[in-house]
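Okay, structure first, notes after.
Residue numbers (UniProt numbering): 1 to 239.
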């Protein structure tokens with residue numbers, strides 16, 4: 001009887017917190033859900049983990065210490081990968097380098113899966129998807145959602161922009177735009193435009209030192225590498 005009263009109190013507390021807009025991130029499943037978990041025999045099913053929000057202070061911390069460094073590393077990796085592939089002549093070497101680059105990009109996932117504990121992986125697997133719909137839609141059944149939002153889509157007229165979005169998805173356009181941007185950046189950095197859609201390699205000069213800083217790698221335009229005056233190779237003339 002005492003256990004039953006405690007379960008009912010937990011359910012009432014969860015309902016009160018949900019109404020107040022402060023639903024817990026980790027909570028114990030309800031009575032019916034606990035019975036299902038007991039039948040399955042999985043103790044982890046008793047807990048439900050969800051994302052309910054993040055304070056503004058931690059958002060700023062995540063932007064400064066996570067988002068900005070990862071964006072800089074992503075830009076450096078993309079530029080290095082394009083340079084790596086553009087400097088490859090044969091198709092065999094191109095395929096091998098592409099596979100090697102794919103392995104390099106997957107190293108962070110491998111490190112996370114290998115070094116993280118089993119408890120952390122189980123909790124991440126239990127984390128529920130972040131629902132983008134409103135509280136009103138959360139309490140609706142699947143039939144009500146289909147009826148409400150399906151009627152809205154049925155009454156809307158298909159325009160030319162809808163057809164263009166279906167034929168050319170935003171992700172495809174983004175990939176094409178980034179590919180063109182990094183390819184043009186490669187030619188702009190390593191070649192000189194000779195006119196008539198022709199690009200000639202820039203003269204090669206040696207650096208004063210082989211020790212480069214993080215600023216040279218991340219921001220080469222603001223912190224360029226010091227080069228010697230003489231050139232070791234120039235493009236031969238047509239004569």
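Virtual Cβ for every residue (Gly too), placed ideally from N, Cα, C.
- Per DSSP, residue 206 is one residue of the beta strand (DSSP E) stretching across 204-207.
- Residue 79 places its beta carbon less than 8 Å from that of residue 185.
- In this structure, residue 105 places its C-beta atom within 8 Å of the C-beta atom of residue 77.
- Here the C-alpha atom of residue 69 lies approximately 20 Å from the C-alpha atom of residue 224.
- Ranked by Cα distance from residue 235, the options 118, 202 and 219 are led by 202.
- Under the three-state reduction of DSSP output, residue 192 falls in the strand class.
- When the five nearest sequence neighbours on each side are left out, the beta carbons in the same chain lying within less than 7 Å of the beta carbon of residue 82 are those of 182, 183 and 186, in order along the chain.
- Fewer than three pairs of CB atoms, one per stretch, sit closer than 8 Å, so the segment 122-132 makes no contact with the segment 91-105.
- Residue 68: member of the alpha helix (DSSP H) spanning 68-86, first to last residue.
- A direct Cα-Cα distance of roughly 55 Å separates residue 129 from residue 228.
- The continuous alpha helix (DSSP H) containing residue 120 extends over residues 118-126.
- Between residue 84 and residue 144, the alpha-carbon positions lie close to 53 Å from each other.
- In the structure shown, residue 47 adopts extended strand secondary structure according to DSSP, grouped into three states.
- Annotation for residue 62: the continuous alpha helix (DSSP H) segment containing it runs 56-62.
- Collapsing the DSSP output to three states places residue 230 in a strand.
- Just so you know, the alpha carbons of residue 57 and residue 63 end up roughly 10 Å apart.
- Judged by DSSP secondary structure, residue 163 falls within the alpha helix (DSSP H) whose first and last residues are 160-167.
- The criterion of a C-beta distance shorter than 8 Å is satisfied by residue 72 and residue 218.
- Remark: C-beta atoms of residue 237 and residue 207 do not approach each other more closely than 8 Å.
- A straight line joining the alpha-carbon of residue 88 with that of residue 177 spans about 22 Å.
- Rounded to whole angstroms, the Cβ separation of residue 189 and residue 205 is 14 Å, and the two are not in contact under 8 Å.
- For residue 75 and residue 157, the gap between their C-alpha atoms comes out near 40 Å.
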